[in-house]
Amino acid sequence: MKECLSKIRNAQDEENLVNFSYYNKIMDVVTEDFSDLEEKKRDVVLLRVLDSLERVDRIRV
155 MKECLSKIRN AQDEENLVNF SYYNKIMDVV TEDFSDLEEK KRDVVLLRVL
205 DSLERVDRIR V
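In the numbering used here, the protein residues as written are 155 to 215.
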């Protein structure tokens, strides 16, 4: 989860188009919806979601 948090902080520092509170909501949803998974697998899901969002943001620009 630390890697995910640092990725979110980096995105915020780079003034990414996606709002920091939006990332927090995504983390909450992933954590809640995938609570039955072990933490490492949940982190993988979260990273994939974040990567997908970054790609969408680049396309919008």
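Glycine is no exception: its CB is placed at the ideal position from the N, C-alpha and C atoms.
>> Just to check my reading of the structure: E157 and D187 have Cβ atoms closer than 8 angstroms, yes? What is that Cβ distance to the nearest angstrom?
In response: Rounded, the Cβ-Cβ distance is 19 angstroms, inconsistent with contact.
> Can you tell which of L207, D205, L200, S189 has the C-alpha that lies nearest to the C-alpha of M181?
Replying inline: Per the Cα distances, L200.
> By how many angstroms is the C-alpha of V203 removed from the C-alpha of E193?
Replying inline: The alpha-carbon atoms of E193 and V203 are separated by roughly 15 angstroms.
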